[in-house]
Amino acid sequence: MLYLITAALGVGLVIALKRLRDHRQALRSLHQAILEKRPLLRVKEADGKTTAGWDRLYSAANELIAEVAHLQQLRSGQLAQLEATLGSLQEAVLIVDAENRILLANKALQTIFPRAKDILNQRLEIVLHSVAFLNYVEAVRSGRAQPQHELEFIEGTVSLWLEVTGALVTPLNGDRGSWALFVLHDITRQKELEGIRKDFVANVSHELRTPLSIIKGYIETLVDGHRSMPIEDRERFLQTIQRHTERLNSLLEDLLTLSRLESINPGLHCESTVLADLIAGLVDDIRGRPSAGGHLLSFAVEPAIGSVLVDPLKISQVCANLLDNALKYTPSGSRIDVSARLQGNEVEVCVRDNGPGIPAADIPHIFERFYRVDKGRSREKGGTGLGLSIVKHIVQLHGGRVWMESELGKGTAFYFTLPQRPA
Ligand code: ADP
Numbered sequence: 010m011l012y013l014i015t016a017a018l019g020v021g022l023v024i025a026l027k028r029l030r031d032h033r034q035a036l037r038s039l040h041q042a043i044l045e046k047r048p049l050l051r052v053k054e055a056d057g058k059t060t061a062g063w064d065r066l067y068s069a070a071n072e073l074i075a076e077v078a079h080l081q082q083l084r085s086g087q088l089a090q091l092e093a094t095l096g097s098l099q100e101a102v103l104i105v106d107a108e109n110r111i112l113l114a115n116k117a118l119q120t121i122f123p124r125a126k127d128i129l130n131q132r133l134e135i136v137l138h139s140v141a142f143l144n145y146v147e148a149v150r151s152g153r154a155q156p157q158h159e160l161e162f163i164e165g166t167v168s169l170w171l172e173v174t175g176a177l178v179t180p181l182n183g184d185r186g187s188w189a190l191f192v193l194h195d196i197t198r199q200k201e202l203e204g205i206r207k208d209f210v211a212n213v214s215h216e217l218r219t220p221l222s223i224i225k226g227y228i229e230t231l232v233d234g235h236r237s238m239p240i241e242d243r244e245r246f247l248q249t250i251q252r253h254t255e256r257l258n259s260l261l262e263d264l265l266t267l268s269r270l271e272s273i274n275p276g277l278h279c280e281s282t283v284l285a286d287l288i289a290g291l292v293d294d295i296r297g298r299p300s301a302g303g304h305l306l307s308f309a310v311e312p313a314i315g316s317v318l319v320d321p322l323k324i325s326q327v328c329a330n331l332l333d334n335a336l337k338y339t340p341s342g343s344r345i346d347v348s349a350r351l352q353g354n355e356v357e358v359c360v361r362d363n364g365p366g367i368p369a370a371d372i373p374h375i376f377e378r379f380y381r382v383d384k385g386r387s388r389e390k391g392g393t394g395l396g397l398s399i400v401k402h403i404v405q406l407h408g409g410r411v412w413m414e415s416e417l418g419k420g421t422a423f424y425f426t427l428p429q430r431p432a
């Protein structure tokens with residue numbers, strides 16, 4: 010009897026252990042299938058049938074796995090669609106998850122930050138170097154951010170200004186925490202222009218203020234003391250007022266010329282012009298000036314150039330400004346040579362002097378408005394600091410280029426080109 014009971018218990022134990030092993034194996038397959046997100050194959054029991062309980066569990070698990078796969082397909086489809094839509098945008102778009110990992114970045118972002126390659130799944134702070142931007146991201150997350158924000162990014166040695174707009178978005182994959190979406194608009198050029206405009210206004214105000222305050226001071230002295238003032242003092246005062254009024258006048262003339270040249274309609278009236286005649290006329294005019302008495306002027310124009318299609322008044326102004334400078338900034342006895350030659354399809358004109366030259370550090374700025382190497386000397390000679398800027402504008406309007414070469418103590422050469430068009 011005892012033997013029978015022991016045998017029955019033994020068989021029972023073996024069956025129980027086998028079931029336990031089957032269940033463990035079934036659980037393992039379930040776990041594996043869920044991890045791999047693939048449908049689950051039914052595990053047959055020893056007798057070739059599955060139990061009803063496991064069958065239901067397998068069906069439910071398979072349905073869930075199919076649903077998850079479907080949702081994932083949908084999500085990657087949505088992300089791909091989003092990427093395709095954002096790819097064509099001019100604005101840079103960036104989506105980060107709750108941990109600031111980059112989920113999406115469109116092409117425009119790569120254009121703005123060319124060094125940021127393969128940035129998907131990288132942390133924002135590693136890719137974009139701007140503490141201000143990271144603070145803005147935090148502000149967006151906490152709902153404190155302004156709708157639009159201007160931020161500076163440092164890319165190597167270059168500073169970029171971007172207008173950033175940020176918003177929280179619901180994660181497409183059902184993640185906890187919010188994703189953040191940023192639209193970045195490159196405003197570096199605008200910022201530069203704004204800076205140039207501010208500098209320009211400051212320069213103009215300064216240039217106007219100096220002669221105006223001198224004129225004002227002298228007039229006040231004259232008003233108060235003209236009765237008791239010796240006649241020669243009065244004359245000196247009036248001459249100073251006249252000189253500064255002329256300075257104001259040339260400044261306003263140059264400013265008006267510049268603004269006309271920069272307007273949509275700069276008023277270019279091109280006509281067939283014999284370049285040699287134009288240059289000869291100018292050199293003759295200059296030779297007649299008392300200030301050119303001690304200078305040696307010469308000109309040489311290649312006969313092959315013939316006529317060019319230019320605005321003769323404006324090109325005369327270019328040559329006159331360059332000749333004027335060569336006279337103003339070189340001592341008496343210096344040589345000034347004007348030459349013109351054919352270079353391929355272009356005519357290259359050069360105004361060269363053997364004066365004191367321009368320091369190398371000043372050369373890159375020489376065509377900027379109000380830039381002067383020696384401020385005092387320029388003002389004393391009636392310069393406005395706008396002459397070379399006008400030269401550059403006129404030459405560029407004709408489709409030409411302008412540049413200069415100079416060596417201290419040896420002299421300066423200004424060059425400009427004009428396209429040679431058959432007249
Ligand atoms: P400005 O009205 O002061 O002459 P420009 O724009 O014509 O203004 O010239 C800018 C500066 O370039 C001048 O102030 C002067 O310092 C320098 N410069 C121009 N031409 C010469 C030259 N031939 N030799 C030496 N310095 C020159």
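Using the numbering used here, the first residue of the sequence shown is number 10, and each one after it goes up by one. For glycine and all other residues, C-beta sits at the position ideal for the given N, C-alpha and C. Given the structure is predicted, the values throughout are model-derived calculations rather than measurements.
Taking a contact to mean a Cβ-Cβ separation below 8 Å, would you say residue 330 touches residue 411 in this structure?
no
Cβ-based neighbour list, residue 267, same chain, cut-off 8 Å, excluding 5 preceding and 5 following
Taking C-beta separations shorter than 8 Å and ignoring five residues to either side along the sequence, the partners of residue 267 in its chain run 378, 395, 398, 399 and 402, following chain order.
Relative to the ligand ADP, is the shortest distance from any of its heavy atoms to the C-beta of residue 383 smaller than 7 Å?
Relative to the ligand ADP, residue 383 has its C-beta within less than 7 Å of a heavy atom.
Residue closest to residue 2, alpha-carbon to alpha-carbon, out of 294, 131 and 392:
A query on residue 2 cannot be resolved here, the shown segment of the chain reaching from 10 to 432 and no further.
Hey, residue 86 and residue 116 are a contact pair by Cβ (cut 8 Å); roughly how many whole angstroms apart?
About 20 Å; that fails the 8 Å criterion.
What residue ranges within the region 261–313 form continuous beta strand (DSSP E) runs of no fewer than 3 residues, ordered along the chain?
Those beta strand (DSSP E) runs which fall completely within the region 261–313 and span 3+ residues are 280–283 and 305–310.
Whole angstroms is fine: what's the gap from residue 3's alpha carbon to residue 335's?
Shown here, the chain extends from 10 to 432; a query on residue 3 therefore has no answer.
Just verifying my parser: in three-state terms, what is the DSSP assignment at residue 163?
strand
Extent of the continuous beta strand (DSSP E) to which residue 352 belongs:
344–352
First and last residue of the beta strand (DSSP E) that includes residue 387?
From DSSP, residue 387 is part of no beta strand (DSSP E) but of the alpha helix (DSSP H) over 384–389.
Nearest CA to the CA of residue 149: which residue from 314, 107 and 201?
107
Confirm, please, whether the CB-CB distance from residue 348 to residue 309 is below 8 Å.
Result yes, Cβ atoms of residue 309 and residue 348 sit closer than 8 Å.
Distance, Cα to Cα, residue 25 vs residue 31?
10 Å
Work out the CA separation of residue 382 and residue 303 for me, nearest whole Å.
23 Å
Per DSSP, what kind of secondary structure is residue 110 in: helix, strand or coil?
strand
My parser needs the beta strand (DSSP E) runs of 3 or more residues fully inside the region 216–254; what are they?
none
Between which two residues does the beta strand (DSSP E) containing residue 120 stretch?
No beta strand (DSSP E) contains residue 120, which is instead part of the alpha helix (DSSP H) from 116–121.
Contact the region 359–366 vs the region 419–428: 3+ CB pairs below 8 Å:
Contact holds: three or more Cβ-Cβ distances are below 8 Å.
Taking all protein chains shown into account, decide if residue 175 is buried (16 or more other Cβ within 10 angstroms of its Cβ) or exposed.
buried
Straight-line CA distance for residue 145 to residue 165?
21 Å
Unbroken beta strand (DSSP E) run spanning residue 428, endpoints:
420–428
DSSP has residue 189 in a bridge; who is on the other side?
105 and 177
Host beta strand (DSSP E) of residue 153 (start-end):
No beta strand (DSSP E) contains residue 153, which DSSP labels as neither H nor E.
Of all the options 370, 319, 190 and 47, which has the alpha carbon lying nearest to the alpha carbon of residue 355?
319
Which two residues bound the contiguous alpha helix (DSSP H) that contains residue 333?
321–337
Return helix, strand or coil for residue 171, following the three-state DSSP convention.
strand
Find the nearest neighbour of residue 225 within the set 427, 203 and 251, judged by alpha-carbon distance.
251
On a CA-only basis, which of 185, 169, 187 and 207 is nearest residue 194? Give me that one, please.
169
Quick check: does the Cβ of residue 375 come within less than 7 Å of any heavy atom belonging to the ligand ADP?
A distance criterion of 7 Å places the beta-carbon of residue 375 in contact range of the ligand ADP, judged by its closest non-hydrogen atom.
Boundaries (first-last residue) of the beta strand (DSSP E) holding residue 362
Counting along the chain, the beta strand (DSSP E) containing residue 362 begins and ends at 355–362.
Does the distance from the C-beta atom of residue 327 to that of residue 404 stay below 8 Å?
yes
Rounded to whole angstroms, what's the CA-CA distance from residue 278 to residue 324? Just pull it up for me.
If you take the alpha carbons of residue 278 and residue 324, they lie about 11 Å apart.
Separation of residue 37 from residue 11, as counted between CA atoms
One alpha carbon belongs to residue 11, the other to residue 37, and they sit about 38 Å apart.
DSSP on residue 416, reduced to helix/strand/coil?
strand
Using a 10 Å radius around the Cβ and a threshold of 16 neighbouring Cβ atoms, would you call residue 409 buried or exposed?
buried
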